Amino acid sequence: MGTSSLEEIVFKENYFKCNKVATSNCNRFAFVSEFEAMNDSLSRSQQSQFQNLLKDFNLKLTRPRQQLFEVLVDSERAMTPTEIYEVLEGQMGESVDKVSVYRNLSQFEELGLVHPLAEGTYKVCEHLNCRSHPHVILSCEDCGEAREISSHNSQWIKGFLNVPQGVGFLKKVELITFKGRCMDCEGGVNL
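Numbering (the numbering used here), first residue to last: -9 to 181.
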């Protein structure tokens, strides 16, 4: 690959042009560009937060991590590690290490990127790495949709979280999951 002419590097989903750039830099930019192409579903803000969070914890932005995060962002429902594994294997068209899926999910949980739900599923956090308030998930038992709602502005949630004085209990709330049926499964009834 020469460095003085305009070169086009072709990836599966995007094209990136390098003009008079050293080959090593061109490859580095192309690598970054490949991740940008995979992030059509991620907002620039989410992508930036994700990359910065990994960087803050000295974790590399790898293709498997990026794709796992993207699968979770794209899903409206919480997913099991096995479901994530199957989607990744279908997307990548190659064998995916199942242990890596579990390992990355565990790391994502530690970073505050995902919420582990009681039934062994994971849902991406709508407020990446936000530990300043409890997270509230509404989980439909019929279709599996899991939606995070803001807890810091909601009076009914604040009331729910109050533990009366004198009970002898200091609460530490990180995640609350409400199970029920979503509006679609209830036949469009505005709940």
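Glycine is no exception: its CB is placed at the ideal position from the N, C-alpha and C atoms.
These figures come from a predicted structure and were not determined experimentally.
CA-to-CA distance, residue 43 to residue 58, given in whole angstroms: 15 angstroms
State yes or no: is the C-beta of residue 78 within less than 8 angstroms of the C-beta of residue 61? yes
Do residue 172 and residue 130 have their C-beta atoms closer together than 8 angstroms? yes
Since residue 111 is in the alpha helix (DSSP H), which residue starts that stretch and which ends it? Premise fails: residue 111 lies in the beta strand (DSSP E), 111 to 114, not in any alpha helix (DSSP H).
Per DSSP, residue 126 forms a beta bridge with which residues? 139, 166
Beta carbon of residue 173: closer than 7 angstroms to some heavy atom of the ligand NAD? For the ligand NAD, the structure offers nothing, since it holds no ligand at all.
Output yes or no for whether 8 angstroms exceeds the beta carbon distance between residue 67 and residue 135. yes
First through last residue of the alpha helix (DSSP H) which encompasses residue 78: 71 to 82
Tell me the rounded alpha-carbon separation between residue 128 and residue 165. 11 angstroms
Just the Cα atoms here: how many angstroms apart are residue 113 and residue 74? 11 angstroms
Is it true that the CB of residue 167 sits closer than 8 angstroms to the CB of residue 108? yes
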